[in-house]
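Chemist:
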Amino acid sequence: MEEKHHSTVGIHVDERGMNLPARASVSRRARIVVIVIGVLLAAGAARTLIVNGLNRNRLDAVAEQNTRQYVSVVHPVDAATGGKLTLPGTLRGFVEAPIYARASGYVLRWQADIGAHVKQGQTLAELDTPELNQELAQATAQRQQAQAALALAKTSFDRAQQLRQRDAVSQQELDDRQGAFSQGTANLAAADANMRRLTELKGFQRIVAPIDGIVTQRNVDVGDLVSSGNAGRALFSVVQADRLRLYVQVPQAYAQQVKVGQHVSVAQAELPGRTFDGTITRTSESIDVATRSLQIEITLPNPDGQLLPGAYVQATLPMTPVGRLQVPASTLLFRAEGPTVATVDANGEVRLKQVTVVRTIGQTLEIDGPVTPNDRLVANPSDALANGDHVVVQAPAAAQPASAVAGAKS
Numbered sequence: 566m567e568e569k570h571h572s573t574v575g576i577h578v579d580e581r582g583m584n585l586p587a588r589a590s591v592s593r594r595a596r597i598v599v600i601v602i603g604v605l606l607a608a609g610a611a612r613t614l615i616v617n618g619l620n621r622n623r624l625d626a627v628a629e630q631n632t633r634q635y636v637s638v639v640h641p642v643d644a645a646t647g648g649k650l651t652l653p654g655t656l657r658g659f660v661e662a663p664i665y666a667r668a669s670g671y672v673l674r675w676q677a678d679i680g681a682h683v684k685q686g687q688t689l690a691e692l693d694t695p696e697l698n699q700e701l702a703q704a705t706a707q708r709q710q711a712q713a714a715l716a717l718a719k720t721s722f723d724r725a726q727q728l729r730q731r732d733a734v735s736q737q738e739l740d741d742r743q744g745a746f747s748q749g750t751a752n753l754a755a756a757d758a759n760m761r762r763l764t765e766l767k768g769f770q771r772i773v774a775p776i777d778g779i780v781t782q783r784n785v786d787v788g789d790l791v792s793s794g795n796a797g798r799a800l801f802s803v804v805q806a807d808r809l810r811l812y813v814q815v816p817q818a819y820a821q822q823v824k825v826g827q828h829v830s831v832a833q834a835e836l837p838g839r840t841f842d843g844t845i846t847r848t849s850e851s852i853d854v855a856t857r858s859l860q861i862e863i864t865l866p867n868p869d870g871q872l873l874p875g876a877y878v879q880a881t882l883p884m885t886p887v888g889r890l891q892v893p894a895s896t897l898l899f900r901a902e903g904p905t906v907a908t909v910d911a912n913g914e915v916r917l918k919q920v921t922v923v924r925t926i927g928q929t930l931e932i933d934g935p936v937t938p939n940d941r942l943v944a945n946p947s948d949a950l951a952n953g954d955h956v957v958v959q960a961p962a963a964a965q966p967a968s969a970v971a972g973a974k975s
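Its first residue numbered 566, the sequence shown is counted upward by one per residue in the numbering used here.
(1) Which word fits glycine 843, buried or exposed, when buried means at least 16 other C-beta atoms lie within 10 angstroms of its C-beta?
(2) When the distance is taken between beta carbons, is leucine 811 closer than 8 Å to valine 878?
(3) Would arginine 771 and glutamate 691 be called neighbours here (beta carbons separated by less than 8 Å)?
(4) Whole-angstrom Cβ separation of lysine 684 and aspartate 777, contact assumed at under 8 Å?
(5) Which of the three DSSP states, helix, strand or coil, is assigned to glutamine 817?
(6) Give a yes or no on whether the C-beta atoms belonging to glycine 670 and threonine 694 are separated by under 8 Å.
(7) Can you find the residues in the same chain that come closer than 6 Å, C-beta to C-beta, to threonine 688, ignoring five residues on each side of it along the sequence?
(8) Assuming glycine 654 contacts alanine 880 (C-beta within less than 8 Å), just tell me the rounded distance between them.
(9) State yes or no: is the C-beta of leucine 800 within less than 8 Å of the C-beta of valine 785?
(10) From Lys649, Leu614, Arg762, pick the residue whose C-alpha is nearest to that of leucine 890; which is it?
(11) Note down, in chain order, each residue of its chain lying with its Cβ closer than 7 Å to the Cβ of arginine 667, except the 5 sequence neighbours on either side.
(12) Can you tell me the Cα-Cα spacing of valine 804 and proline 837, whole angstroms?
(13) Among residues of its own chain, excluding the 5 on either side of valine 926, which ones have a beta-carbon nearer than 8 Å to its beta-carbon?
(14) At which residues does the alpha helix (DSSP H) containing threonine 705 begin and terminate?
(15) On a CA-only basis, which of Thr846, Arg783, Ser849, Leu882 is nearest alanine 832? Give me that one, please.
(16) Got a sec, what are the start and stop residues for the beta strand (DSSP E) glycine 903 sits in?
This is how it looks when you write it as structure tokens:
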């Protein structure tokens, strides 16, 4: 009846609109989903912000770490620390004898190789000299010819003298025969001299040791063609090694302290713990204008052969310090104003100081300038290092001499 009434008045009734509790439940679920999604998004955003913040802090720390300059430092040492001056040098044999060929020919055999201990006059090699043999044979025949001619000239001259006494020949003929006799005498003397020369050359078929020593070079083999002088190449080299010579360049600053007869201590890195006593036997008594140094010669006894000719050694001379310092060559910066070193103070601040290089000793430099043994010098400084820069000094792994410390580049 009611439905009919509503139909009569034109009001449409939807049966779904009458289900109000169901619609309210759907709305609540939608709100819950939205809230959950919002919470998740907020949590994700917060996590992203936190991670970014941590990463930013980490990157800032790394950037700060990278901007720091880390350096290693060394201390200069006095060039004559403890009243001593150490200088490098190369050992030489007391006598070094290169042996050249005096005769041309082929090597027939050699009898001594490198390392052989030989005596003076001992045969080292023999040469086959066919051309020299023929020249000697020819010279022998020419001498015989000159001797026969001289005998004939003498007989003729003697006969002419007898005939002249009886006035059987003229004085002119006698003079001619006397001249022929004198010429024959001279020809025989020349033939004798040529014979002696070729005989001496033939003696050089044997290559002999001129001194007692050790064969250090053998530059020939059987069948090699050698010529007189051998174009500047020595066939053998013999060195007397029971005594050695050591030549050392002493800086001008210490030259006045060097005296002949002074004892010198010599050491070789390959023989740790051993030192050898030498004596200064002579000096050049003049300063080399190119190196500003004095050359000295040191004689070393070497009876047991422990020291080898050609070895690199260090000679320590007793000296009085003169204020010069030695630093590794790696500490030097080459700037427009001249050689410079970088010092680091207690606060890690860099100060550049100009120095003068007095002398180079291998990888060590002797310098003069406003540097003291207490200064800390940057090893292997960067070219970009400037006054006022702050650096961090790395602790050394182990105590090393200044000349041996290698620093890390900044």
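Each residue gets a CB set at the ideal place from its N, CA and C atoms; glycine is no exception.
Modeler: On the basis of the supplied data:
(1) Counting every other CB atom within 10 Å of its CB across the protein chains shown gives glycine 843 a total of 16 or more, marking it as buried.
(2) It is a contact, given that the beta carbons lie within the stated cut-off.
(3) Yes; because the gap between Cβ atoms is below 8 Å, this pair is in contact.
(4) The beta-carbon separation of lysine 684 and aspartate 777, rounded to 5 Å, stays under the 8 Å limit for a contact.
(5) In the structure shown, glutamine 817 sits in a helix (DSSP, three-state: H, G or I).
(6) Taking 8 Å as the cut-off, the beta carbon of glycine 670 is found closer than this to the beta carbon of threonine 694.
(7) Cβ neighbours of threonine 688 beyond the five flanking positions: Gln676, Arg771, Val773.
(8) Contact between glycine 654 and alanine 880 holds: CB atoms are separated by about 5 Å, below the 8 Å threshold.
(9) Less than 8 Å divides the Cβ of leucine 800 from the Cβ of valine 785.
(10) The residue with the shortest Cα to Cα distance from leucine 890 is Lys649.
(11) Excluding its 5 nearest sequence neighbours in each direction, arginine 667 has C-beta neighbours in its own chain below 7 Å: Leu766, Phe769, Ser793, listed in chain order.
(12) Rounded to the nearest whole angstrom, the CA to CA distance from valine 804 to proline 837 is 25 Å.
(13) One detail in the question is off: residue 926 reads as isoleucine in this sequence, not valine. Cβ neighbours of isoleucine 926 beyond the five flanking positions: Leu652, Pro653, Gln891.
(14) Note, threonine 705: alpha helix (DSSP H), 695-730.
(15) Checking every option, the nearest Cα to that of alanine 832 belongs to Leu882.
(16) Note, glycine 903: beta strand (DSSP E), 903-909.
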